[in-house]
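These protein sequence lines are chains A and B, in that order. First residue of the first sequence: 1, per the numbering used here; consecutive thereafter. First residue of the second sequence: 1001, per the numbering used here; consecutive thereafter. Glycine included, every Cβ here is placed at the ideal spot set by N, Cα and C.
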Amino acid sequence: MMFTTAARWPAVFLLLSALCTLFVPAVTVKHENFKTCDQSGFCKRNRQFADDAAASSWTSPYALDPATITFKNGQLSGTVFKTLKEGEAQVRLPLTVTFLESGVARVTLDEERRLKGDVDLRHGSQARKERYNEAGKWALVGGLKVADGAALSEKAEAGYTKVFYGDAGKHQAVIRHAPFGIEFQRDGETQIKFNDRGLLNMEHWRQKVEPPPKEEEKKEGDEENKDEEKTEEKVEEKKDEGPKGEDESTWWEETFGGNTDSKPRGPEAAALDISFPGYEHVFGIPEHATRLSLKTTRGGDGNYKEPYRLYNADVFEYEMDSPMTLYGAIPFMQAHRKGSTVGVFWLNAAETWVDVVKSKTTANPLALGLKGHTDIQTHWISESGLLDVFVFLGPTPQDLTRQYGELTGYTAMPQSFAIAYHQCRWNYVTDEDVKDVDRKFDKFNIPYDVIWLDIEYTHEKKYFTWDPLTFVNPTKMHKHLDKRERKLVAIIDPHIKNTNDYPVIDELKKKGLAVKNKDGGDYEGWCWPGSSMWIDCFNPAAITWWKGLFKYDSFKGTAPNTFIWNDMNEPSVFNGPETTMPKDNLHHDNWEHRDVHNINGMTFHNATYEAMLERKKGEIRRPFVLTRAFYSGSQRVGAMWTGDNLAEWSHLEASIPMVLNQGISGFPFSGADVGGFFGNPSKELLTRWYQTGIFYPFFRGHAHIDTRRREPYIAGSPYTEIITQALRLRYQLLPAWYTAFHEAATIGAPIIRPNFYIHPEDEKGFAVDDQLYVGSTGLLAKPVTKEGAESVSVYIADDQPYYNYFDYTVYQGAGQHTVPAPLDTIPLLMQGGHVIPRRDRPRRSSGLMKFDPFTLVVVLDKDGNAAGTLYVDDGETFDYQQGAYIHRRFSFDGKRNALTSTNLHPRATVKTDAYLKTMAKVRVEKVIVVGAPKAWKGKSQVVVSEEGAKESARKRQVGFEYYESSGKKAAWAVVRDPKVAIGKGWKIDFS
Amino acid sequence: MGKYQLSSLALLLPLLTICANAASEAPRPRGVGPEFAKFYKDAESFTCISNPSIKLEVSRLNDDYCDCPDGSDEPGTAACSYISPLSPAQPSRVKTGQFNETLALPGYYCKNKGHLPGYIPFTNVNDGVCDYELCCDGSDEWEGVGGVKCEDRCAKIGKEWRKQDEARQKSLTAANKRRKELVVEAGRLRKEVEDRILTLQTQIQSQEIKTEALTKSLAEVERQEKGKVIKGAGKGGKVTVLASLAKDRIQELVDNLSRVKDERETARTRIEELEAILKRFKEEYNPNFNDEGVKRAVKAWEDYAAQERPGPDSARDRDLEEILKPDSESAIKWEEYEAPEESDVDVLYKFEEYLPDPVRKWVDHKLRDLRILLIENGILADPHTSDTPESQAVASAREQLAGATRELDADKSELQKHREDLDKDYGPDSVFRALQGHCVEQDSGEYTYEHCFLDKTTQKPKKGGGHTGMGNFVRIETIAVDEDLPADGKGLGSGVRWALVYEGGQHCWNGPNRSTMVVLACAEKDEMWKIVEQEKCVYRMEVGTPAVCGIKEGKEAPVHSEL
């Protein structure tokens, strides 16, 4: 007994010390740098408003005057009146509800007085008087065609207006006049409600009433100072209560972290409650380090206390499981339940907070058969701008991503290198260092496509220059990389060093293209280079100027294989409030920074994209620009990454729901820094991160300047070999990835997809966010994110067979399945029913795989069928827009026992033919059939026929091998070199 | 030695080619090297090299489809390039282990007529890139994918190579010659040490004898002097004056010492305060917002904090306190000197004054003997106590002895040092002995790097500022390297190389103490080729030196390399 106790103590100590090391606050987010809702005046006011509304018998003071309603060309207009205290004039709020052909409705509420400019701004501000109404100019690119079929309903009850719209008039908007509210119905069932809880709040313009000068009256003669102080205190107290019982303390000025916002326009928030009756899950509104299915935000066990915040910010060492704001904002939320997906897109660029509450109706135990149900209630609060909301009624997740993409644009089709592996580090220190890393990859037979340079390559942080001591010959470096079709990405940030002898800053100042401070002078802040100014890309002239800076003879030392990384574009300002710009800064056209903040990063990203298109006349290639800050629409111009994460298991785990969320929110070209930016990952963590990173659409290893080197070849055996296998797996599957990107670029589908997106009817899987599907390939990966794991539990949603990618072990039946996952194994399954295109020959870079043959993996479903698609183009130019691409559908028909390739290209053009010619020799070298029928046993040949082949060669016999199933491993078969062209129609007959 | 390998290959391969050609009339299939020709002789069929149970029609050779599990049917295409432990696993075609599923061939064989033949990895075959480094005849791109055309450049490359090879050989000859000189020089230096040891040994012997004699003589003088009573001339006179002067002087010193001590205390507190501020600053600043000024300051602080400085020595402080105490508490009793009294010794002298001269002498003599006896037996107090100055004779004897002992100790420690030096590892043939302390420099980026053989490595910023120690010499090792050998031969190549390890350099911000691994390869001159920071503050230098030319690395690996 004594002995055992004694023996236990050291264990306890070990545990304790292990725990202690876990809690060493080596790196944590600096909370005091960022606001809570309570510290953000308009959020506090509106949350209070919500609390007050819930506590009393509240009636919303907003009413739509039926007399003002007009309906014309699919658009309903009217005026909503906001009733104030007795004796005060009503506030007129112009309303438009637009019904779009896509079945989407748009609700816009403005404020007449501000719109007309009939307001005074304080402090002599030059800022615009209107509510910001240009967010759509930056975010929207289409889908705005108004529905011809939308019609007013004749049968509306008194006090309501009804409009039928959408496909076959299945959608209906029921507008309640007083208090103003809208219910959106699909097939007669309400899916979304506006102002159901009465939280609509348009903070109207008002003149600041200076506190009555009572002190003056009392200050007769020279009374004692003490009394005077007391009087002042009383006045203060009175002011806090406010004449109308409203808290005015945050109306006119706010100070945070030593920075004062002068708020020349006073309070201007736009807020609304949006409810999703009968829904239990909402997804979206990135970017937050949180789960896919959003938690509620009003406290309670395991829930958040703060609303989700959308205010692009450089959050240093951000924490996990938090509604805190991050680098980008997409105010698009979708609610999902069995049989229905609906959503809203809150088109507002100002600081926005979103509260999410789930209200459960418990089932009455006496009423048999009646289930309890859950409603999701959300509360959207923006600091300024229009209230402008798009309503999507689905009914499928695919409808939502497509319709949202129609509005904000689809993912730009990337160059093929961009979806291969990127090797980054802050910093590769010299041009020789770059070449050396490049050589090492080849030496270790590890594929990679792109090497990156962080800020240290510049001469004293002056963008568009090279450090003459460390990057002596950038041109030679580029040529060296180009030999293996490799690229270089250099960082260019929006802050321009404010220094002498730097033409870029001179021009910026001279041309007046910098963001202005509240007084109209050039705004000066602090960033990497020290004192800096920021280019204002809201200004078209700034974009024109920016384009010039990237031309090869301007940004000397760059080449066609140079691409760009835009960082710090939230914008990050080291000495600004919340590490960003003061809200009363002025942008082009005198819009205040507060109005455009969340769009700012996108305008810069967009300017760089435009610049990349015009580097040289006649040399048009698809740009690649990575951004950290983003908004709805950023997907049109590049990729994003999840910012400065940590080399910790928790960050690896969080990266999966974060990237999945980007996917369903319209910006799927995303990834997290592999290995974790801050800190040194253990070799195991690094290896697992690579095994996860190969499933990020944007796949880049990156590391902070203070970390040890961690290129894949450094870890040593067996880690380097295991990482290389993972990288080669990514490269092997590049045809499948590229096809998934094509889907994102044409129908807005996510590139990696969460369970609910693939199985929208499977209620158990709605919240599953730790595994993913790659495009439409049926590849299901469950990356290992736990230290020391030897296996994982994969959730299977349907009754299809799922085959282990590497050895064809079968897993079947809905539910959890244990899949082995020792360090050298990636848990990857193939759902039955797909054809997966691969290229099996390992090459040094993706560019060198261009003409390699394909392998098709035909994974049969439970009925013996399979289908899949392949999209291929030159991976570089825009010729695909003129038809220069191959788009095939492969399908295996179990009944006819044949695999066919059919054309999905709608119409061949001259460019198509030219492209097909270059690809004429590219063939299918191997077909693997997984789950091959027993009947094929003994067969040694199959018959291949190909379109356009000479009569004599129309039917060819080719070799065939069948491998019996053994144990849990499925039977499989190989067609030996069918020699069919990838761009042609053909058939392989197995009968 | 890369050079050796290359040159031996150069000799060997043409021979091989000739033999192979002579042996088989039929041309080898594309990509097959002469040493594998025997597997491809059959005109009808082909047997997979590692899997003899698999026989293929000859038409399946190089048909761009991988049939053999060992890839041997595709020596001239990339079809089997996926066979590698680095590739994603795929199901074995039969039971695992039945077939050898590793590549049987080293790669695609480029004949490179006019230059050296070589193998290029299968992954590089028909990928659209002319890999002239390995395949100067361009035959790796025989398919011309994507329209690539790789002309045969072997004539030019071969010529250039031979020219360079000649230069290399020349340089190698010179380097070997230089190495011999170095070895001779090292031998000479060793001889010098050995000679010195001999000299020292003799010197020590005689010194020891001398010391012994001096010790004896000191003892004798002391004995002689012990009985002698020394009187300061003029009782109380000069001593008293001196004492009072000394007293004043000491008081003055004590006062000043006390003031300086106070000043030191204030300065210490201020430093502590400042260090606390900087410490907090370092903990709280935001490294992501690294504005250069802040970063420099933090770095300077880190370097400062990393330096080892002796903390306050409490023992010394106690001594200081002791010194500062008022004299009354210390052993010095000024009063005794200010008011001298008669001692019993004086009484004795007085007694002698009343005796007749001869008697007095006799008595005097006897008394002195008696006194010595008494003193030696501890009955009488020794008049030459610490507070009485020693006599001139004793002092001089003592000094002589001390001097002799010092010399002896110095000689002994020098001997010790040289003996250790003889045992120390100076690499193969002790050649590095000739280079010890010799330095080479190289510019890289913002810094100039310096390597001083068997001494230290240093980083010197070009933009000015302090030098940074990157490590002090600790040992000689051998390591395996695998690097490309540039045409000029200035590189490590592949194989086992000698390396000098330097550790314990300046502490690194957020990292370890700097350390450097200096990897050596044969060169005509001592020169630094390359310096890389492998990971944070772990450097690697590639240094050329004739010292390592022509030795077989690995076999002579020093036994005590792990020291």
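DSSP bridge partner residues for residue i (one or two, in chain order)
| i | result |
| --- | --- |
| Ile192(A) | Phe184(A) |
| Asp1482(B) | Ser1494(B) |
| Gln423(A) | Ile451(A) and Gly701(A) |
| Glu1441(B) | Glu1450(B) |
Alpha carbon of residue i to alpha carbon of residue j, nearest angstrom
| i | j | result |
| --- | --- | --- |
| Cys537(A) | Cys1130(B) | 44 angstroms |
| Met413(A) | Arg484(A) | 22 angstroms |
| Leu22(A) | Leu685(A) | Note that Leu22(A) scores 41 on pLDDT, short of 50, meaning its location in the model is unreliable and no value can be drawn from it. |
| Ala703(A) | Val434(A) | 15 angstroms |
| Leu1012(B) | Gln1436(B) | Legend: pLDDT at Leu1012(B) = 45, less than 50; position of this residue unreliable, value from coordinates given subsequently. Cα to Cα, the separation comes out at about 39 angstroms. |
| Tyr696(A) | Glu319(A) | 21 angstroms |
| Leu779(A) | Thr396(A) | 21 angstroms |
| Ser1024(B) | Phe1039(B) | With a pLDDT of 46 at Ser1024(B), under the threshold of 50, the modelled position of this residue cannot be trusted, and the question is left open. |
| Gly525(A) | Lys145(A) | 43 angstroms |
| Lys583(A) | Ala607(A) | 22 angstroms |
Contact test: residue i Cβ vs the ligand COA heavy atom, cutoff 6 angstroms
| i | result |
| --- | --- |
| Lys295(A) | With respect to the ligand COA, the structure shown offers nothing to examine, as it has no ligands at all. |
Per-residue contacts from residue i into chain A (C-beta, under 7 angstroms)
| i | result |
| --- | --- |
| Ser1087(B) | Gln725, Arg728 and Pro842 |
| Gly1445(B) | Val429, Thr430, Leu469 and Thr470 |
| Gln1090(B) | Phe806 |
| Glu1535(B) | Arg708 and Arg709 |
| Ala1078(B) | Arg841 |
| Gly1550(B) | Correct list: empty, because the minimum Cβ distance to chain A is about 27 angstroms. |
Closer than 9 angstroms at the beta carbon, the chain B residues around residue i
| i | result |
| --- | --- |
| Leu453(A) | Neighbours of Leu453(A) on chain B: none; closest Cβ ~14 angstroms, over 9 angstroms. |
Contacts that residue i makes with chain A (C-beta to C-beta distance below 8 angstroms)
| i | result |
| --- | --- |
| Tyr1065(B) | Glu925, Lys926, Arg976 and Asp977 |
Backbone secondary structure at residue i - three-state DSSP
| i | result |
| --- | --- |
| Met581(A) | coil |
| Gly124(A) | helix |
| Ile1120(B) | strand |
| Val1394(B) | helix |
| Gly385(A) | coil |
| Tyr1065(B) | coil |
| Asp1369(B) | helix |
| Phe766(A) | coil |
| Glu101(A) | coil |
| Phe630(A) | coil |
| Phe1453(B) | coil |
| His373(A) | strand |
| Cys1080(B) | coil |
Contact under 7 angstroms by Cβ, residue i with residue j
| i | j | result |
| --- | --- | --- |
| Ser1050(B) | Asp1064(B) | no |
| Ala270(A) | Ser153(A) | no |
| Tyr279(A) | Phe332(A) | no |
| Gly701(A) | Val659(A) | no |
| His1115(B) | Ile1054(B) | no |
Partner residues on chain A for residue i, Cβ-Cβ distance less than 9 angstroms
| i | result |
| --- | --- |
| Arg1093(B) | Glu961, Tyr963 and Val974 |
Chain B residues whose Cβ lies nearer than 8 angstroms to that of residue i
| i | result |
| --- | --- |
| Asn445(A) | Ser1084, Leu1086, Pro1121 and Thr1123 |
Chain-ordered neighbours of residue i on chain B, where CB pairs are closer than 7 angstroms
| i | result |
| --- | --- |
| Glu721(A) | Pro1085 and Leu1086 |
| Gln732(A) | Pro1088 |
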